[in-house]
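A short worksheet on the structure shown next.
There are 2 protein chains.
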Amino acid sequence: MQQALRLCTEVLLQPGDQAWMEDPGYPAARRILQSRGTTLIPVPVDAAGLDAAAGRALAPAARLAYVTPSHQFPTGVTMSMARRIALLDWAHEAGAWVVEDDYDSEFRFAGPPLTALAGIDGPGLDGQGRVIYIGTFSKTLFPGLRIGYVVLPPALVTPFAAARAVMDRFPPSLLEGALAELMTSGAFAAHLRRMRSRYRTARDLVAEAVTRAAKGCLTVTVPDQGLHLVATLPADLPPTAASDIRAAAGTEGWLLSETRLIPGGADGFVLGYSGHSPAALKQAAARLGAAAEAYCRRHAAALVK
Amino acid sequence: MQQALRLCTEVLLQPGDQAWMEDPGYPAARRILQSRGTTLIPVPVDAAGLDAAAGRALAPAARLAYVTPSHQFPTGVTMSMARRIALLDWAHEAGAWVVEDDYDSEFRFAGPPLTALAGIDGPGLDGQGRVIYIGTFSKTLFPGLRIGYVVLPPALVTPFAAARAVMDRFPPSLLEGALAELMTSGAFAAHLRRMRSRYRTARDLVAEAVTRAAKGCLTVTVPDQGLHLVATLPADLPPTAASDIRAAAGTEGWLLSETRLIPGGADGFVLGYSGHSPAALKQAAARLGAAAEAYCRRHAAALVK
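Here the protein sequences come in this chain order: A and B. Following the working numbering, the numbering of the first sequence begins with 9 at its first residue and continues without gaps. Following the working numbering, the numbering of the second sequence begins with 9 at its first residue and continues without gaps.
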């Protein structure tokens, strides 16, 4: 993802150009765009995903929109078909690019997936599609593999290859060969199937453990997809509540506030449930829930005094 | 190498900054610097390597010098100790950076190696070293591994790591682990030893085959080090001679003229002798030599007419 988005900024943007970013959204993507001098435009996300009409109102002439439509980070919402169409319509009118980061799409636990933006987009009046589709094997296999991929409109293939050639020339052929064999042999599909059931179990286990221990202090949204869930604190807590609770529990992961470009709203936690044993996940979730409960209790007591 | 040099340009240079480049020199390095808007300053190379005094005369305030001191590309000369000191003196006075690309240093066939610039440089008045040492496993193992390394003055470690983090985050940990095991087990050292003798044989075989077939039309410099040699044509041939001969022979590789920033001087061929069987190398060398001989003969006949 990192390298693909970095290539997008190098090939498609000039420093100072505007880019729509989901708010809340993925901090790593923000950092990459900012490192190349891009001006970030926070576009609100609701239950239907990124609001293209709000984006138009804020920055109609932006050059790029970075979106996670199949499973928004961090909220987990899926972008509705109406919103997808609205986003693509804007991109074609504005001559802007839509970068579709389809991370975690392999781990869908319920409901039919929506077709990717790259799948519903077609050539516009200029004969050109506007979607750059980014995927990764970091979640489906392991992060240390460092292999991702990008599906480009034909006209962008040559400029992307040229930009890559002066970045690190080409990817490691040994790992690419091993991955290709894993995919053609069917072992990758079997692995995904096994992992999907394992992650669904992990999701339920974390959601239950954190909810039970928090005794009403955390509101957990159980996602249909992906490897993380969001647990939200009550809105009336002090601004340091979430980081204090995280420190007390000794857990890791983003705070909800860290994913926001425009501060505000209730804080909370983005809880990943991959990469650890069920026992360790359950324990950490219970610890976080208990720390939140203790914080809420103390806060209520302080208010009564 | 590519990624390391790219990181150097991002961390150390602003677009428009001047950089000393060896002339003739490595075209891939030029392309990376140019892709980031660097102004290239061609600095002549003679039998003692890059001429720092000439560099000072041309661009005293350059911000960076890219050099291949242990085995200059393409000429194969080793930078003398006096020139190394002169280069480092300039870098400390100018507050400039020296990027030392130590490619092929593992394949030395004769004579003692000179200590790397990074080994003789010390902290200047500002307490800081000025050399960035770049190495690669592309030649010692294979190019598709895509693992290189860079040895940095301490003050540069954090900015380089930050620049890398927004480029592709981190290197593939699986390959790094395998490589570390290869090195600690001693297998890498044994491999280098075997390869050194194999490449020396390949060097002699190519030098002999091309010299014999060319019947005086090519002057071959047999290098003490590395995986390529230079074969030079007579100075009085037409400008397209080298590319015509390469096309007629059906061989690959750089022309000497392609490694020059300032055109001029006799053209010729940079002949690599790694990655192919001895039989294939010998055959290709003989083909190139014969094509050169035929060209020289036709050219002489044309001049006589």
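By construction, the Cβ of each residue, glycine as well, lies at the ideal position given by its N, Cα and C atoms.
Can you name the start and end residues of the beta strand (DSSP E) that residue i belongs to?
| i | result |
| --- | --- |
| Glu108 (chain A) | Trp105 to Asp109 |
| Val139 (chain A) | Val139 to Thr144 |
| Met29 (chain B) | Gln26 to Asp31 |
| Ala239 (chain A) | His236 to Thr240 |
| Val312 (chain B) | Looking at the DSSP string, Val312 (chain B) is not in any beta strand (DSSP E); the run it does join, the alpha helix (DSSP H), is Pro286 to Val312. |
| Leu66 (chain B) | Here Leu66 (chain B) belongs to no beta strand (DSSP E); instead the alpha helix (DSSP H) covers Ala60 to Leu66. |
| Val278 (chain A) | Gly276 to Gly280 |
Would you say residue i reaches chain B, if we count a Cβ-Cβ gap shorter than 9 Å as a contact?
| i | result |
| --- | --- |
| Gln22 (chain A) | no |
| Gln10 (chain A) | yes |
| Gly261 (chain A) | no |
| Ala171 (chain A) | yes |
| Leu190 (chain A) | no |
| Asp25 (chain A) | no |
| Asp176 (chain A) | yes |
| Ser43 (chain A) | yes |
| Gly283 (chain A) | no |
| Gly33 (chain A) | no |
| Ile128 (chain A) | no |
| Ile378 (chain A) | What is shown of chain A runs 9 to 313, which leaves residue 378 (chain A) out entirely. |
| Ile6 (chain A) | Absent from the structure is residue 6 (chain A), since the part of chain A shown begins at 9 and ends at 313. |
| Arg14 (chain A) | yes |
Quick one: is residue i near chain A, going by C-beta distance under 9 Å?
| i | result |
| --- | --- |
| Pro180 (chain B) | yes |
| Ala287 (chain B) | no |
| Ser265 (chain B) | no |
| Ile142 (chain B) | no |
| Val19 (chain B) | no |
| Ile253 (chain B) | no |
| Leu164 (chain B) | no |
| Leu183 (chain B) | yes |
| Gly280 (chain B) | no |
| Gly152 (chain B) | yes |
| Arg116 (chain B) | no |
| Ile155 (chain B) | yes |
| Arg201 (chain B) | no |
If distances are taken between C-alpha atoms only, which option among the options comes closest to residue i?
| i | options | result |
| --- | --- | --- |
| Asp109 (chain A) | A:Phe117, A:Pro82, A:Gly130 and A:Pro120 | A:Pro82 |
| Ala56 (chain B) | B:Thr86, B:Arg208 and B:Val165 | B:Thr86 |
| Ala12 (chain B) | A:Ala256, A:Thr17 and A:Met175 | A:Met175 |
| Lys223 (chain A) | A:Leu182, A:Gly156, A:Arg305 and A:Ser265 | A:Arg305 |
| Ala102 (chain A) | A:Pro35, A:Gln136, A:Gln80 and A:Leu164 | A:Gln136 |
| Phe277 (chain A) | A:His307, A:Gly283, A:Thr229 and A:Ser146 | A:Thr229 |
| Leu66 (chain A) | A:Asp212, A:Arg172 and A:Trp28 | A:Trp28 |
| Arg92 (chain B) | B:Thr240, B:Ala61 and B:Ala210 | B:Ala61 |
| Asp31 (chain B) | B:Thr46, B:Pro52, B:Leu48 and B:Ser113 | B:Pro52 |
Where does residue i sit, in a helix, a strand or coil, going by DSSP?
| i | result |
| --- | --- |
| Thr209 (chain B) | helix |
| Gly156 (chain B) | strand |
| Ile270 (chain A) | coil |
| Thr192 (chain A) | helix |
| Arg71 (chain B) | coil |
| Asp232 (chain B) | coil |
| Pro50 (chain A) | strand |
| Arg202 (chain A) | helix |
| Gly185 (chain B) | helix |
| Thr227 (chain B) | strand |
| Arg177 (chain B) | coil |
Could you pull the start and end residues of the alpha helix (DSSP H) that residue i belongs to?
| i | result |
| --- | --- |
| Leu13 (chain B) | Gln10 to Leu20 |
| Pro162 (chain A) | Pro162 to Ala173 |
| Asp97 (chain A) | Met89 to Ala102 |
| Gly127 (chain B) | Leu125 to Ile128 |
| Asp252 (chain A) | Ala249 to Ala257 |
| Leu263 (chain A) | No alpha helix (DSSP H) contains Leu263 (chain A), which DSSP labels as neither H nor E. |
| Leu348 (chain B) | This structure gives no information on residue 348 (chain B), because the portion of chain B shown stretches from 9 to 313. |
So, using beta-carbon positions, are residue i and residue j closer together than 9 Å?
| i | j | result |
| --- | --- | --- |
| Leu279 (chain B) | Leu237 (chain B) | yes |
| Ala299 (chain B) | Arg254 (chain B) | yes |
| Leu21 (chain B) | Leu72 (chain B) | yes |
| Gly63 (chain B) | Trp98 (chain B) | yes |
| Leu122 (chain A) | Ser78 (chain A) | yes |
| Pro167 (chain A) | Val139 (chain A) | no |
| Tyr157 (chain A) | Val107 (chain A) | no |
| Lys239 (chain B) | Leu296 (chain B) | Correcting the residue identity first, residue 239 (chain B) is Ala in this sequence and not Lys. Yes. |
| Leu164 (chain A) | Ala293 (chain A) | no |
| Pro23 (chain B) | Arg44 (chain B) | yes |
| Ala316 (chain A) | Pro286 (chain A) | Residue 316 (chain A) lies beyond the stretch modelled for chain A, which goes from 9 to 313, so this question has no answer here. |
| Phe115 (chain B) | Met203 (chain B) | yes |
Is any heavy atom of the ligand HEM found at a distance shorter than 8 Å from the C-beta of residue i?
| i | result |
| --- | --- |
| Arg201 (chain A) | In terms of ligand content, the structure shown is empty, and the ligand HEM therefore cannot be addressed. |
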